[in-house]
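Since the structure comes first, as structure tokens, the remarks are kept for the end.
There are 2 protein chains.
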Amino acid sequence: MNSAFTPLVSKAGRDGMRRHNLSLVLGAIRNEGAATRAAVAARVGLTKAAVSSLVEQLLAAGFLSESGKTSSGQAGRPGTMLTMARTGVAGAGVEINVDYVSVCVVDLAGTDRVRLTEHRDNQGAPPAEVLERAARITTRALASAGEQELRPVGVRLALPGLVSAGRVRQAPNLGWRQVAAEGLFKKTLAALAPDRSALRVSSENEANLAALAELWFGGMDDLSSFLYLSGEIGVGGALVIGGELLRGAHGFAGEIGHVVVDAAGPACRCGSRGCLERYAGQSALLRAAGINEDAGAPGIAELARRAADGDERALATLREAGTALGRALSGAVNLLDPDAVVLGGVYRDLVPWLGPAAEGELARLVVSGLWSAGSGRLRASSLAGDAARGAAAGVVRDVVADPVAYAAC
Amino acid sequence: MNSAFTPLVSKAGRDGMRRHNLSLVLGAIRNEGAATRAAVAARVGLTKAAVSSLVEQLLAAGFLSESGKTSSGQAGRPGTMLTMARTGVAGAGVEINVDYVSVCVVDLAGTDRVRLTEHRDNQGAPPAEVLERAARITTRALASAGEQELRPVGVRLALPGLVSAGRVRQAPNLGWRQVAAEGLFKKTLAALAPDRSALRVSSENEANLAALAELWFGGMDDLSSFLYLSGEIGVGGALVIGGELLRGAHGFAGEIGHVVVDAAGPACRCGSRGCLERYAGQSALLRAAGINEDAGAPGIAELARRAADGDERALATLREAGTALGRALSGAVNLLDPDAVVLGGVYRDLVPWLGPAAEGELARLVVSGLWSAGSGRLRASSLAGDAARGAAAGVVRDVVADPVAYAAC
């Protein structure tokens, strides 16, 4: 059948295919790096003529740049290298956590280009005030981005707790319940920067976004699936499966902090007893080690220092927390069979002491027998596991997935 | 750009696209029912000419049938209805469980066409003998299929325990460890039916296949994700997310039977203590109710009868098992945020008594608050949740996903 010369695809199908192919070409350059038109054609399985046409559209819309011309500029410019644009369309991420707000702007390649962090206690302040403050910080970061000729097309909020449809259902560590976070943030942003009113605002759980950042930038390329734990005042979790976040039916997947480690254990603010957070949350760790439980990151650094010095109480604290972690994780591992578990947040620096106890429990309780100590399946996260960067990179991933939606392309 | 009349796609891309389009057309008829060529074109977004060409190929290869011609048979036969072929390519599923072997043959539409079940104790018998017996039963079912002009192109084995790469890593309730199930089955089948030596043999965990059958045939269309529990001598589990089975990195996902319900509970054969199976497995239920724990399905029927009669010991047994189930499920629900939990196997008939206690624990322990009693999220499985049918239907799903791989099409 001479399919190349008959109208195989209907008009609606053709428009959809062209849209899809623009994303295919852009994604091939983002994922596999700079390339000539011919190399892109080979990557995506389209003809050189078709790729050239798509590339012209992507260049005109400012998604791609050309560099390193190696030939005389003849028709088709075969030797020109195509790269993701370093200016123009960008993404912004805003992490609002218990003791800081951090804003990150990334370009189309996902590179971190602007970072603005303000340390402040957000606990107890009215949610509207915290979100207003976050919007102010964001406008300053957007101004910095503008000076680099970057134009964010969206802002994604990274929020602790249960986040769904633009709202925080509950974030106990911030003291939030039923907060219309996106709406409040957007309102302030529109008042402060009326020219930014078209900016799309979205939101997502912070552990989910930290896990995505870890996936995209943390050298976890060898993993097709992992469970990410974010040790903070609460214990957040996220599941990455087949390179995608598993969000759950309502966006609430990953809540591992209230797995019951011991049904006869201490009462938890969730109404249950013996939850993981009561053994391995930041406050529980500091309290058990005899450090002020509100000491935050410096307190965790102190705990790590004491453990490194061989302090018996610090070591026992981390052994016990590791055992609780291992027990909670074994249920999750039996259920999900992930390639690995990645420990982030405060756990990142505590893995040398938490890790062996957790691995012992995993070796004992995972029925497949694949989680013996030394299997390398329990890992510390890299520094890339950052929710603000994950949020910003998520915005530009959406652009690459459908560039037509973001430009008259 | 006049994309319809220029060669948009390279040769390799065109072959891939044609292959993809054949599947698209076949899938549209399987999923949405009989249709004319014009209706199929509208469903898939290809031109009528392209669909007609693809349909001719699928008719010639025997994947589709024509029926109900409504016009005079002119070129293109616009009024002809296309349906999935009721003869020809088919799939076979073979469930090997503790006390029976069941073989099912389905046609391309997934309809159950042959069923052969033999009740026999497979526990303790050498695995090679059980697999040889299963192959003998399969040849008889294949003969029945042949009489209906059905030609299975693959056999999928549904096996309890940890199944991966054609092997059963462990199936404690059968007493199997490291059994090369596919190879042993295939060897006997080839000896018994040399003309069947091209038959593809594959294998999968039985709870996974029962969950798929429930998804495809059980009226669970309103659910995009669910956790399926298969109550047998062990407690198997499976996760369906976005209409797909979540298999895990090694095919071992869904193992919920050894979630620790009480770390101080009774010892389990897995090496841990207080596992879910010790409270809610079939033997544990029968023992607690004072029924012979080896009584199998008739014992479960007796337990249900006693509960319906208001027998206090039976009711207490099911309340306690329900509480243990609810506790184990709450951790899984917090982690996965599924639309629903479906209780299959022996639980199907026990839900009226197990369910309320399990729902009570879910209401108390699921942090999203979405699992209150009466939420309808805890369901009994339908009768469709059958591993042999899921296995057979999986074979024909593979055919529909890539018909070219199964015919000179």
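These protein sequence lines are chains H and D, in that order. Residue numbers for the first sequence follow this note's numbering, so the first one is 1 and each next one is one higher. Residue numbers for the second sequence follow this note's numbering, so the first one is 410 and each next one is one higher. Virtual Cβ for every residue (Gly too), placed ideally from N, Cα, C.
Listed along chain H are GLY248, ALA249, each with a C-beta nearer than 8 Å to that of SER634 of chain D. When C-beta distances to chain D are compared with 9 Å, the residues of the stretch 344-368 of chain H below that value are ARG364, LEU365, VAL366, VAL367, SER368, in chain order.
Of the candidates H:LEU303, H:GLY322, H:GLY281, H:ARG327, H:ARG327 places its Cα closest to the Cα of CYS684 of chain D.
At a cut-off of 7 Å between beta-carbon atoms, SER272 of chain H makes contact with chain D. Residues of chain H with a Cβ closer than 9 Å to the Cβ of LEU468 of chain D do not exist; the shortest Cβ-Cβ separation is about 15 Å.
Think of a sphere of 8 Å around the beta carbon of GLU541 of chain D: no beta carbon from chain H falls inside it, the nearest being about 27 Å out. Chain order gives the chain D residues near HIS258 of chain H as SER739, GLY740, ASN743, LEU774, VAL775, VAL776, where near means a beta carbon separation below 9 Å.
Inclusion of LEU621 of chain D and LEU636 of chain D in the CB contact set at 7 Å is not warranted, their separation being larger than that value. Beta-bridge annotation (DSSP): HIS119 of chain H is paired with H:TYR100. By the Cβ criterion, the stretch 173-189 of chain H is not in contact with the stretch 101-121 of chain H, since fewer than three pairs of Cβ atoms, one from each stretch, lie closer than 8 Å. With a minimum length of 4 residues, the unbroken runs of alpha helix (DSSP H) contained wholly in the stretch 662-729 of chain D fall at 686-689, 691-697, 705-717. The beta carbons of GLY218 of chain H and ARG156 of chain H sit no closer together than 7 Å. Non-local beta-carbon contacts of ARG722 of chain D in its own chain, meaning distances under 7 Å to residues more than five positions away in sequence, involve ALA698, GLY699 in chain order.
Taken through DSSP and simplified to helix, strand or coil, VAL813 of chain D comes out as helix. With a threshold of 16 other beta carbon atoms within 10 Å, ALA814 of chain D falls short and is exposed. Annotation for PRO352 of chain H: no beta strand (DSSP E) segment contains it, though the alpha helix (DSSP H) segment containing it runs 351-365. Cβ-Cβ separation between LEU24 of chain H and VAL399 of chain H: approximately 14 Å, too far for a contact (criterion under 8 Å). Secondary structure at ARG656 of chain D: coil, using DSSP grouped into helix, strand and coil. Bounds of any alpha helix (DSSP H) do not take in PHE226 of chain H; it lies within the beta strand (DSSP E) bounded by 225-231. Of the candidates D:ALA658, D:GLY643, D:LEU695, D:GLY783, D:GLY643 places its Cα closest to the Cα of CYS677 of chain D. According to the DSSP assignment, GLY645 of chain D belongs to the beta strand (DSSP E) that extends over 644-650. The Cβ atoms of ALA141 of chain H and VAL163 of chain H do not sit closer than 7 Å to each other.
DSSP, reduced to helix, strand and coil, places ASN582 of chain D outside both helices and strands of the structure shown, so it counts as coil. Between ALA373 of chain H and GLU361 of chain H, the C-beta gap is not smaller than 7 Å, which leaves the two residues out of contact. Approximately 32 Å separates the beta-carbon atoms of ASP337 of chain H and HIS528 of chain D; this is outside 8 Å, ruling out the contact. In the DSSP assignment, SER476 of chain D falls within the beta strand (DSSP E) that extends over 473-476. DSSP places THR188 of chain H within a helical segment (H, G or I) once states are collapsed to three. Here GLU558 of chain D has THR496 as same chain residues with Cβ atoms under 6 Å from its own Cβ, once five neighbours each way along the sequence are excluded. Not flagged as an interface residue toward chain D: LEU157 of chain H, since no C-beta distance is shorter than 7 Å. At a C-beta separation below 7 Å, ILE650 of chain D has these neighbours in chain H: LEU246. Here GLU623 of chain D is not near SER784 of chain D, since their CB atoms are 7 Å or more apart. When the Cα atoms are used, PRO356 of chain H and THR492 of chain D turn out to be separated by approximately 59 Å. Contacts with chain D at 7 Å (Cβ-Cβ) do not include ALA38 of chain H. Excluding sequence positions up to five before and after THR547 of chain D, its CB lies within less than 7 Å of the CB of ALA501, VAL503, VAL512, VAL564, LEU598, all in the same chain and listed in chain order. Proximity of ASP221 of chain H to chain D, defined by a Cβ-Cβ separation below 7 Å, is not satisfied.
Sequence-distant Cβ neighbours of ARG586 of chain D in its own chain, meaning closer than 6 Å and more than five residues away, are GLN579.
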